[in-house]
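Written below as structure tokens is the structure these notes are about.
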Amino acid sequence: MQSPSPPAACTGDAVISGSILVIGADGQVGSVTSRYLAEQGGKVIGTTRRAATTNAGDDRLFFDLSLPAEDWPELPLVDAAVICTAATRINECENDPDGTAVVNLHAPVALAEKLTRQGTMAVFLSTTGVFDFTRPFRRHDEAPSPVSAYGRQKAEAEACILKLDGKTAVLRLTRIMGPDMPLLRTWCAELAAGREITAYEDAFIAPITAAFAARMIHEIVSREVEGMFHASGDEDQPYTALAGELVCAMGADISLVTTAKGGLPHYPTANAPRYTTLDMSREEEMFGVPAPSSLATMRETVEFLVRGGPAA
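In terms of the working numbering, the sequence shown opens at residue 1 and continues consecutively.
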């Protein structure tokens with residue numbers, strides 16, 4: 001990788017004129033990114049690991065990162081590629097570290113190497129989970145300190161990809177939140193039935209939407225900037241705040257929310273994350289894009305859910 005690109009003054013939304021390959025175009029971030037990049041003028045080619053969906057009339061390519069590299073399809077020559085596919089469930093990565101490392105580490109690195117050799121810019125999506133959640137607003141240049149198998153896989157992949165010759169970038173994301181979030185849908189159903197829900201007051205998130213992640217990907221790809229980038233909410237909020245926003249949007253009784261301590265049951269450490277925010281000073285300087293409000297993201301998401309609106 002070349003030296004990180006210097007800051008450039010923000011001149012408004014950049015227009016994409018080239019071709020972009022989105023690996024995992026039917027995922028939560030990949031689907032929104034594909035639409036957003038196409039709207040910005042890019043020629044987008046998406047991949048899917050669902051073979052049944054690659055039928056007549058569907059222009060997505062079948063590509064399963066869990067397959068051996070020799071079984072990968074011939075990929076089109078494109079200007080940039082965004083690697084969105086990942087095994088993100090914390091407990092799955094803990095229970096099967098070798099299997100999930102194929103999708104989170106080994107395959108993305110091999111793919112990025114293949115792409116950069118053919119002159120394609122490779123953008124790898126990573127996570128705030130490369131840190132140990134003991135301090136807020138982790139810097140771009142801080143050494144990773146993961147406490148989960150998922151975080152360790154992503155941290156190693158980041159390092160390998162950024163060392164490659166050619167153009168590479170890593171975008172770390174905090175929690176992606178949308179109306180399809182299983183926890184929100186479960187809570188919504190329980191509250192609608194007049195039943196209590198439990199929200200942890202000592203587990204925190206700094207959520208962003210898939211649309212915001214797509215915007216950051218667009219900024220990186222359209223400006224062809226390299227190095228490490230962050231997309232984060234502006235502050236950590238407890239799950240009790242999310243529950244409160246949902247109750248308000250539904251007009252439910254706040255007494256139905258039971259608060260609890262003890263972190264998240266599936267998390268491998270003694271306590272769930274306390275600080276998940278990432279520093280976005282570089283992104284604000286380069287792109288003119290500040291960190292979005294975590295609380296506003298929660299509020300807008302639950303309002304979409306209650307209204308039956310589209311996922312963002």
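Note that beta-carbon positions come from the ideal geometry of N, C-alpha and C, so glycine has one too.
Next on the checklist: Suppose only complete runs of 3+ residues qualify. What are the beta strand (DSSP E) ranges in the region 107 to 179, listed by chain order?
Outcome noted: The qualifying runs are 121 to 127, 168 to 173.
Item to check | Start and end residues, beta strand (DSSP E) containing residue 259 | outcome: Walking along the sequence shown from the start, residue 259 turns up at place 259. From DSSP, the beta strand (DSSP E) with residue 259 extends over 257 to 260.
Item to check | Own chain partners of residue 69 with C-beta closer than 7 Å, once the 5 adjacent residues on each side are dropped | outcome: Here the question's residue 69 lines up with position 69 in the sequence shown. 110.
Checklist entry - residue 168 and residue 226 look like a contact to me (Cβ under 8 Å); what is the Cβ gap, rounded to whole Å? => result The residue you call residue 168 lines up with position 168 of the sequence shown. The residue you call residue 226 lines up with position 226 of the sequence shown. The pair is a contact, with the Cβ atoms about 6 Å apart (cut-off 8 Å).
Item to check | Proximity of residue 73 and residue 65 at Cβ, strictly below 9 Å | outcome: In the sequence shown, counting from the first residue as 1, residue 73 sits at position 73. In the sequence shown, counting from the first residue as 1, residue 65 sits at position 65. Cβ atoms of residue 73 and residue 65: not closer than 9 Å.
Checklist entry - Which residue from 154, 97, 133 puts its Cα closest to that of residue 105? => result Within the sequence shown, residue 105 is the residue found at index 105, counting from 1. It is 154 whose Cα lies nearest to the Cα of residue 105.
Checklist entry - Nearest to residue 20 by alpha carbon, out of 27, 80, 67? => result Counting from 1 along the sequence shown, the entry for residue 20 is found at position 20. Checked all of 27, 80, 67; the closest Cα to residue 20 is 80.
Checklist entry - Can you name, in chain order, every residue of its own chain whose Cβ lies under 6 Å from the Cβ of residue 97, other than the five neighbours on each side? => result In the sequence shown, residue 97 corresponds to position 97, counting from 1. Non-local C-beta neighbours of residue 97 in its own chain, meaning closer than 6 Å and more than five positions away in sequence, comprise 149, ordered along the chain.
Checklist entry - Which two residues bound the contiguous beta strand (DSSP E) that contains residue 46? => result Position 46 of the sequence shown, counting from 1, holds the residue named residue 46. According to the DSSP assignment, residue 46 belongs to the beta strand (DSSP E) that extends over 43 to 48.
Checklist entry - What three-state label does DSSP hand residue 88 in the structure shown? => result Numbered from 1 along the sequence shown, position 88 holds the residue referred to as residue 88. DSSP, reduced to helix, strand and coil, places residue 88 outside both helices and strands of the structure shown, so it counts as coil.
Next on the checklist: Relative to the C-alpha of residue 289, which candidate in 276, 261, 213 has its C-alpha closest?
Outcome noted: Within the sequence shown, residue 289 is the residue found at index 289, counting from 1. In this structure, 213 is the residue among 276, 261, 213 with its C-alpha nearest to the C-alpha of residue 289.
Checklist entry - How many angstroms separate the CA atom of residue 28 from the CA atom of residue 222? => result Reading the sequence shown from its first residue, position 28 is the one you call residue 28. Reading the sequence shown from its first residue, position 222 is the one you call residue 222. In a straight line, the C-alpha of residue 28 is about 21 Å away from that of residue 222.
Item to check | Rounded straight-line distance, which links the Cα of residue 248 to that of residue 298 | outcome: Within the sequence shown, numbered from 1, the residue matching residue 298 stands at position 298. Within the sequence shown, numbered from 1, the residue matching residue 248 stands at position 248. The alpha-carbon separation between residue 298 and residue 248 amounts to approximately 12 Å.
Item to check | Residue closest to residue 103, alpha-carbon to alpha-carbon, out of 301, 252, 23, 189 | outcome: The residue you call residue 103 lines up with position 103 of the sequence shown. Comparing Cα-Cα distances from residue 103 to each of 301, 252, 23, 189, the minimum goes to 23.
Item to check | Whole-angstrom distance between residue 304 and residue 270, CA atom to CA atom | outcome: Position 270 of the sequence shown, counted from the first residue, corresponds to residue 270. Position 304 of the sequence shown, counted from the first residue, corresponds to residue 304. Confidence in residue 270 is poor, its pLDDT being 48 and thus under 50, which makes the residue's placement too unreliable to answer from.
Item to check | Short Cβ contact (9 Å threshold) for residue 205 with residue 127 | outcome: Working through the sequence shown from its first residue, we reach residue 205 at position 205. Working through the sequence shown from its first residue, we reach residue 127 at position 127. No Cβ-Cβ contact shorter than 9 Å links residue 205 with residue 127.
Checklist entry - Quick one, which of 165, 151, 306 has its alpha-carbon nearest residue 246's? => result Mapped onto the sequence shown, residue 246 falls at position 246. If you compare the alpha carbons of 165, 151, 306 with that of residue 246, the shortest gap goes to 306.
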